[in-house]
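Undergrad: Have a look at this one before I ask anything.
Chains as they are written, first to last, in the working numbering: chain A, 33 to 249; chain B, 33 to 249.
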């Protein structure tokens, strides 16, 4: 299935657009916080929320009582955007300053997972993606918590990636300008874990916390 | 003027909401990439774009030819959301897992800056915010470039912040669960600058690049 549609075609700087699943999934899997847009009473709203991917679907979850989830319940359209900011691109001209980034835009209709089994399986997958092995250690969601949690599934059927990498691209005559040019790279790192003050004695810090390698944004 | 309106009132976890300009401006000034939502043909769209604040207005810029800018030209409504992800909160129960974050949502109508003088002043302020001192070194935008650049101004009149900090909050009985709990903090750092391959000889790396202290996201 082609992820590129008229609506997801990158028009500005089209050479930065990509529509293959490898590129799109790679960008999605490098993070866990998206910005989800929806229309409520004709107005645009954008909220940050955590997400995860299972195969060809994107999942988000939230309180069943939230405005977002109540608005979206009947299969309303959403736009989910994920962005990683990789660097600041300092060119010789003001106009050619830019940002290095990787972003994905997904359009579609989200549907609610109906059964507790489906919800539990999706939350299991999310937990394992954030911290492999953790699901076996924690207290699982009970009936009341599952009822209070909505899980939305959005098919990865209409999407695009947009990526900028590399040095500044100045106009030919601007390379003579007497000005530093280059890239300031950014990197998001995890820091040493902070154990809860109320941690029971004798519980070692798990490897996934000491050496966090999961998605960071 | 009160930034809190019915639309910007935080309903989920209301104790995490804040509506004072100090909190909101602090979160905005810690970043430079926002997610801007708008409605086009009834559909929600969310695009990442850079932004900056001057006093009580938020600014974004882009190509005059972009879909975003063409859609928004007649003062259409937007939602601008800025999020900083500070940590992963690992609780003893699946349900109480969370994320530490600082986010701001701004609602309102954006208007286009009309004159080249206004545009140039706004772009000057943006450049200085990213890299103090740089504006004096670069080649300024010319007439053609200013025409190709749209700058949108969004009044900071209706907004809210939402912030989560601190350790996991487990249910009382879950503190007995035999499971590690705590926070994995994230931090976005700048790396040593990468000079452009075509940098002229004898140009030193400016201090703002070597010791980058500007907004990172």
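By construction, the Cβ of each residue, glycine as well, lies at the ideal position given by its N, Cα and C atoms.
The structure presented is a predicted model; accordingly, all values stated were derived computationally and were not measured.
For a contact defined as C-beta to C-beta under 8 Å, what are the partners of residue 241 (chain A) on chain B?
TA: 122, 212, 214 and 216
Undergrad: Output the boundary residues of the alpha helix (DSSP H) element that contains residue 158 (chain A).
TA: 148 to 162
Undergrad: Any chance you could list the alpha helix (DSSP H) runs of at least 4 consecutive residues sitting entirely within the stretch 166 to 247 of chain A, in chain order?
TA: 175 to 180 and 239 to 242
Undergrad: Quick check on residue 35 (chain A): does DSSP put it in helix, strand or coil?
TA: Three-state DSSP puts residue 35 (chain A) in coil, outside helix and strand.
Undergrad: Counting C-beta neighbours from all protein chains within 10 Å, is the total for residue 171 (chain B) 16 or more, i.e. buried, or is it exposed?
TA: Counting Cβ neighbours within 10 Å, residue 171 (chain B) comes out buried, since at least 16 surround it.
Undergrad: Are the stretch 180 to 189 of chain B and the stretch 90 to 104 of chain B in contact at 8 Å, needing three or more beta carbon pairs?
TA: yes
Undergrad: When you compare the stretch 231 to 239 of chain B with the stretch 206 to 220 of chain A, are there three or more beta-carbon pairs, one atom per stretch, that lie closer than 8 Å?
TA: yes
Undergrad: Give me the DSSP bridge partner(s) of residue 80 (chain B).
TA: B:67
Undergrad: Residue 103 (chain B) by DSSP, collapsed to three states: which one?
TA: helix
Undergrad: Taking the Cβ atom as the reference point for each residue, do residue 338 (chain A) and residue 60 (chain A) lie within a distance shorter than 8 Å?
TA: The shown model of chain A, from 33 to 249, leaves out residue 338 (chain A), and the question about it has no answer.
Undergrad: For a quick check, are the C-beta atoms of residue 197 (chain B) and residue 132 (chain B) less than 8 Å apart?
TA: yes
Undergrad: Just by C-beta distance, which residues in the stretch 122 to 154 of chain A are closer than 8 Å to chain B?
TA: 122, 123, 124, 125, 126, 127, 129, 131, 133, 135, 137 and 139
Undergrad: Where do the ends of the alpha helix (DSSP H) carrying residue 55 (chain A) lie?
TA: Per DSSP, residue 55 (chain A) belongs to the alpha helix (DSSP H) from 53 to 61.
Undergrad: Please report how far the alpha carbon of residue 70 (chain B) lies from the alpha carbon of residue 208 (chain B), in whole angstroms.
TA: 47 Å
Undergrad: Going by DSSP, what residues sit across from residue 49 (chain B) in a beta bridge?
TA: B:194
Undergrad: Just to confirm, are residue 56 (chain B) and residue 193 (chain B) a CB contact at a threshold of 8 Å?
TA: yes
Undergrad: So that I know if they touch, is there some Cβ in chain A lying closer than 8 Å to that of residue 47 (chain B)?
TA: no
Undergrad: Let me know if residue 134 (chain B) comes out buried or exposed under the rule of 16 or more other beta-carbons within 10 Å of its beta-carbon.
TA: buried
Undergrad: For residue 129 (chain B), which three-state DSSP category applies?
TA: Coil, per DSSP.
Undergrad: Only counting the same chain, and skipping five residues up and downstream in sequence, which positions put a Cβ closer than 8 Å to that of residue 40 (chain B)?
TA: Only residues of its own chain outside the window of five on either side were considered, and among them 51, 137, 139, 190, 191 and 192 have a CB closer than 8 Å to the CB of residue 40 (chain B), listed in chain order.
Undergrad: Within this structure, are the beta carbons of residue 103 (chain A) and residue 66 (chain A) separated by less than 8 Å?
TA: no
Undergrad: Can you list, in chain order, the residues of its chain whose CB lies under 7 Å from that of residue 218 (chain B), leaving out five sequence neighbours each side?
TA: 117, 118 and 119
Undergrad: Buried or exposed, going by whether 16 or more other CB atoms sit within 10 Å of the CB of residue 73 (chain A)?
TA: It is exposed - the Cβ of residue 73 (chain A) has fewer than 16 other Cβ atoms within 10 Å.
Undergrad: Within 8 Å of any Cβ in chain A, is that where the Cβ of residue 187 (chain B) sits?
TA: no
Undergrad: Along chain B, in chain order, which residues have C-beta atoms closer than 9 Å to that of residue 65 (chain A)?
TA: Per Cβ cutoff of 9 Å: 115, 117, 131 and 133.
Undergrad: Counting contacts by CB-CB distance shorter than 8 Å, is residue 69 (chain A) in contact with chain B?
TA: yes
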